[in-house]
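What follows is a set of notes on a single structure, which appears directly below.
Number of protein chains: 2
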Amino acid sequence: MRYELYYWPGIQGRGEFVRLALEEAGADYVDVARLAGPGRGIAAMERLLENTGTSRPPFAPPFLKAGRVVIAQTANILLYLGPRLGLVPRGEASRLWAYQLQLTISDFVAEIHDVHHPISGSLYYRQQKREARRRAGYFTRERFPKFLGYFERVLDAHSKGGKYMLGSHFSYVDLSIFQLIAGLRYSFPKTMKKYEDEFPGLLALHDLVAARPNVAAYLASERRLPFSEHDVFRHYPELEGR
Amino acid sequence: MRYELYYWPGIQGRGEFVRLALEEAGADYVDVARLAGPGRGIAAMERLLENTGTSRPPFAPPFLKAGRVVIAQTANILLYLGPRLGLVPRGEASRLWAYQLQLTISDFVAEIHDVHHPISGSLYYRQQKREARRRAGYFTRERFPKFLGYFERVLDAHSKGGKYMLGSHFSYVDLSIFQLIAGLRYSFPKTMKKYEDEFPGLLALHDLVAARPNVAAYLASERRLPFSEHDVFRHYPELEGR
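In order, the protein sequences belong to chains W and C. Taking our numbering, the leading residue of the first sequence gets 59, the next gets one more, and so forth. Taking our numbering, the leading residue of the second sequence gets 59, the next gets one more, and so forth.
What follows is the structure in structure tokens.
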């Protein structure tokens, strides 16, 4: 099956959590909005968003077309792909647990985004800079260590059984943790540095994922877009304090 | 199986989406943190949150204990309960679709919460009132009609086949839409009034759900907590403009 991924071209964004899963598994997929030609490009994506051609329209990208099914919401796409790409263990309890972690990552990503957009997604950052700065203080002092501390604790609780988030079984959760750490290093380098010693497991996991052959090949390719200030993870030095 | 629901006592919050599913299905459950006695009360909840007694700790309430499994994240709990309580159709595509809608409801609920807490959850509303007012303007003008317009469109696309979010099959998504409409009526009465004519399907669905015997009995009981200004849906008249 050739999967069709639909996401804003030019940014990693939430689509990146799906891309990493597809790339790690060596899945056959096309990144529709980044291609030109009939049925391709951003127009094809907008057609699906505008509800023409599907009775189950997505609210927002990313979404995945798999045959006739259109699946939206990052975590939902991973729920669907996980078993198909061998990126989640068998057994309902393990899958619910993987999924629970993924939803907690999604919550964290939403908070990370809202640090630079605390008022509205329809305003530019510069139009909400004052509020962003205030939110960033609470984010770096409270939310940042709270979320990462939780993930480190989860990793640690499983450490007898393995080095991955679910223990000995590599999963899409590990790929998402990689992206989270990479994104936070880009966007909050000082804060990462400050807390570095508190999350040795997560940093080791980041490196382990980055070294996986398919992931390494992907990261070195042109398919991996660079981080930027149009994306979820943005580097604004003024949001880190001194 | 007797389910154990763990959530902050005194508020509906995100726990309410789970309570409604359990109540509609007439499931055997206890609302642990609201009870007194050994293994009950808020201390029992905090014990699980602090990671003692489980290697798969929740990040935050609500969570559900089902036998030996502990499941957190509202949408994940519904993913688990849906098939068991007969609140989702058979068939993977339908279940993913139900789930996708639930995640979109979760996103909306998070945005609704952040209207009164745009800076930090660790500050009181009065400490971020200025920012809340600014965010509220964008919320009521843009996000409110965007989300509800989307859900109305989904309902409408299925209207030939039925009156529920998934068509002819009643599901946990309908219960969540009920809660959303009830909560928005409480928190943003003027805004609801203003847009009322644009969402006739959602309002009819709200009434349909409220009239279901088990839901009606629940809403009339003491188990249904009142809306309040300690909750996700808060009524602050100043956040609606004139």
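Note that CB positions come from ideal geometry on N, CA and C, so glycine has one too. A quick note: this is a predicted structure, and the numbers were derived from the prediction, not measured.
Original post:
Cβ of W:ARG193 less than 8 Å from any chain C Cβ?
Top reply: yes
**OP:** Give the secondary structure of C:PHE236 by DSSP, where H, G and I count as helix, E and B as strand, and everything else as coil.
**Re:** helix
Subject >> Alpha-carbon spacing of C:ASP232 relative to C:PRO120, whole angstroms >> reply: 20 Å
Original post:
Which class does C:TYR138 belong to by DSSP, given the choice of helix, strand or coil?
Top reply: helix
Subject >> Residue burial classification, W:GLY259 (beta-carbon count within 10 angstroms, cutoff 16) >> reply: buried
**OP:** Can you have a look at W:SER113 and say buried or exposed, based on whether 16 or more other CB atoms are within 10 angstroms of its CB?
**Re:** exposed
Original post:
CB-CB under 6 Å to W:LEU139, same chain, minus the five flanking residues each way: which ones, in chain order?
Top reply: ALA79
Original post:
So, does the CB of C:LEU161 fall closer than 8 Å to a CB anywhere in chain W?
Top reply: yes
**OP:** Name the residue from C:LEU143, C:GLY73, C:ARG92, C:ARG77 whose alpha carbon lies nearest to the alpha carbon of C:PRO67.
**Re:** C:ARG92
Original post:
How long is the line joining the alpha carbons of W:PRO295 and W:PHE285, rounded to whole angstroms?
Top reply: 15 Å
Subject >> Contact with chain C by W:TRP66, beta-carbon distance below 8 Å >> reply: no
Subject >> First and last residue of the uninterrupted beta strand (DSSP E) at W:GLU104 >> reply: Here W:GLU104 belongs to no beta strand (DSSP E); instead the alpha helix (DSSP H) covers 99-107.
Subject >> Neighbouring residues, chain C, relative to W:ARG114 (Cβ below 7 Å) >> reply: TRP155
**OP:** Compute the Euclidean distance between the alpha carbons of W:ALA274 and W:VAL173, then round it to the nearest angstrom.
**Re:** 30 Å
Original post:
At least one CB of chain W closer than 8 Å to the CB of C:PHE75: is that the case?
Top reply: no
Original post:
Is W:ASP289 close to chain C, meaning its C-beta is less than 8 Å from at least one C-beta of that chain?
Top reply: no
Original post:
Got a sec: which bits of the stretch 218-232 of chain C sit with their beta carbon under 8 Å from any beta carbon on chain W, in order along the chain?
Top reply: none
**OP:** Could you say which of W:GLU81, W:ARG72, W:GLY71 lies nearest to W:SER279 if we only look at CA atoms?
**Re:** W:GLU81
Subject >> Neighbour flag for W:PHE117 against chain C, beta carbons, 8 Å >> reply: yes
Original post:
Over what stretch of residues does the beta strand (DSSP E) that includes C:GLU62 continue unbroken?
Top reply: 61-64
Original post:
Alpha carbon to alpha carbon, what distance is there between W:LEU297 and C:LEU297?
Top reply: 27 Å
**OP:** For W:ILE170, write down the residues that DSSP places opposite it in a beta bridge.
**Re:** According to DSSP, W:ILE170 bridges with nothing at all.
Original post:
Which residues in the same chain as W:ARG72 place their Cβ atom closer than 6 Å to its Cβ, once the five residues preceding and following it in sequence are excluded?
Top reply: PRO120, THR132
Original post:
Can you list the residues of chain C that W:GLN237 reaches, using a CB-CB cut of under 8 Å?
Top reply: Within chain C, no residue comes near W:GLN237; the closest Cβ sits about 18 Å away, beyond 8 Å.
Original post:
Is C:MET250 closer than 8 Å to C:LEU242 when the C-beta atoms are compared?
Top reply: yes
Original post:
For W:VAL267 versus W:PHE291, is the C-beta spacing smaller than 8 Å?
Top reply: no
**OP:** Measure the alpha-carbon distance for W:GLY149 versus W:TYR230 and round it to whole angstroms.
**Re:** 15 Å
**OP:** From the DSSP output, read off the bridge partner residues of C:ASP89.
**Re:** C:LEU63
Subject >> Local conformation of W:GLY207 per DSSP, three classes >> reply: helix
Original post:
How would you list, in chain order, the residues of chain W whose beta-carbon sits under 7 Å from the beta-carbon of C:GLN158?
Top reply: ILE129, ALA130, GLN131, ASN134
Subject >> Test: C:ALA168 CB closer than 8 Å to a CB of chain W >> reply: yes
Original post:
Less than 8 Å separating the beta-carbons of C:GLU74 and C:LEU122?
Top reply: no
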